[in-house]
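Beneath this line is the structure, given in C-alpha cells, with notes to follow.
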C-alpha cells in the first residue's frame with residue numbers, strides 16, 4: 079500500500095509542485111517535497127548546499143513508497159532524472175504529471191496523472207508498482 083510520496087521537480091516548477099503536494103496530502107498521503115526555500119530561481123545555492131540538499135532529498139525518496147514527478151511540458155531536468163532512476167532502482171512507483179520528453183525517464187514511468195486529476199484518481203495510491211492498470215484504473 080502506498081502511503082507516502084516524494085514530489086520531484088525542477089525549481090522552475092515549484093508552484094506546480096506545491097499544488098501537487100497539496101492534492102496528494104488531501105487524499106491522505108504523507109508527502110515529502112523539495113526544499114522550496116532553496117529555489118534557484120530566487121536565491122543563490124552554493125556547492126556545499128547543493129551537495130547536502132541532494133543527499134537529503136534522496137533520503138526522502140528512499141523513505142517514500144512512490145515519487146510524483148512534475149514534468150511540465152515534458153521537462154524533468156538532470157536532478158529529477160537522477161531521482162527517478164534512484165526511485166526506480168529502489169522499487170518505488172514512479173508517477174508523472176505529464177509524459178516526460180526524456181526517453182530514459184519515460185522508460186521508468188509507471189503512470190501519468192496530471193496534477194489536476196490527482197484527487198479524482200486517488201485509487202492509484204492503493205497499489206505499489208504492480209502495473210499501470212492497477213495504479214490507474
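Residue numbers (our numbering): 79 to 215.
A virtual CB, placed ideally from N, CA and C, is assigned to each residue, including glycine.
1. Between the stretch 134 to 154 and the stretch 165 to 185, can you find at least three pairs of beta-carbon atoms closer than 8 Å?
2. Taking the C-alpha atoms as reference points, what is the distance between residue 129 and residue 90?
3. Using DSSP with H/G/I as helix, E/B as strand and the rest coil, what is residue 164?
4. Indicate whether residue 191 and residue 162 have their beta-carbon atoms separated by less than 7 Å.
5. Could you tell me the distance, in whole angstroms, from the CA atom of residue 196 to the CA atom of residue 159?
6. In this structure, does DSSP put residue 107 in helix, strand or coil?
7. Return the chain-ordered list of same chain residues with a C-beta closer than 7 Å to the C-beta of residue 81, the five sequence neighbours on each side being excluded.
8. Taking the C-alpha atoms as reference points, what is the distance between residue 138 and residue 180?
9. Give me the residue from 103, 114, 151, 157 with the minimum Cα distance to residue 133.
10. CA-CA distance, residue 103 and residue 124?
11. According to the neighbour-count rule (16 or more other Cβ atoms, all chains shown, within 10 Å of its Cβ), is residue 62 buried or exposed?
12. If you follow the alpha helix (DSSP H) that residue 154 is in, where does it begin and where does it stop?
13. At the level of alpha carbons, what is the spacing between residue 126 and residue 135?
14. Can you find the residues in the same chain that come closer than 8 Å, C-beta to C-beta, to residue 96, ignoring five residues on each side of it along the sequence?
Quick look at the numbers:
1. yes
2. Mapped onto the chain shown, residue 129 falls at position 51. Mapped onto the chain shown, residue 90 falls at position 12. Near 19 Å, if we compare the C-alpha coordinates of residue 90 and residue 129.
3. Position 86 of the chain shown, counted from the start, is the residue given in the question as residue 164. Residue 164: helix per DSSP, three-state reduction.
4. The count along the chain shown starts at 1 and reaches residue 191 at position 113. The count along the chain shown starts at 1 and reaches residue 162 at position 84. The answer is no: Cβ separation not under 7 Å.
5. If you number the chain shown from 1, residue 196 lands on position 118. If you number the chain shown from 1, residue 159 lands on position 81. For residue 196 and residue 159, the distance between alpha carbons rounds to 22 Å.
6. As a working note, residue 107 is residue 29 in the chain shown. Reduced to three states, the DSSP call for residue 107 is coil.
7. Within the chain shown, residue 81 is the residue found at index 3, counting from 1. 107, 108, 143, listed in sequence order.
8. On the chain shown, position 60 is the one that residue 138 refers to. On the chain shown, position 102 is the one that residue 180 refers to. Their Cα atoms are separated by approximately 23 Å.
9. Numbered from its first residue, the chain shown carries residue 133 at position 55. Looking at the Cα atoms, 157 is the closest of the given residues.
10. Along the chain shown, read from residue 1 onward, the residue named residue 103 stands at position 25. Along the chain shown, read from residue 1 onward, the residue named residue 124 stands at position 46. C-alpha separation (whole angstroms): 31 Å.
11. Past the boundaries of the shown model lies residue 62; the chain is included only from 79 to 215, so the question cannot be answered.
12. One-based indexing of the chain shown puts residue 154 at position 76. Residue 154 -> no alpha helix (DSSP H), and no H or E assigned at all.
13. Start at 1 with the first residue of the chain shown, and residue 126 comes out as number 48. Start at 1 with the first residue of the chain shown, and residue 135 comes out as number 57. Taking the straight line joining both Cα atoms gives about 14 Å.
14. Your numbering for residue 96 matches position 18 in the chain shown. Closer than 8 Å at Cβ, skipping near neighbours: 111, 114.
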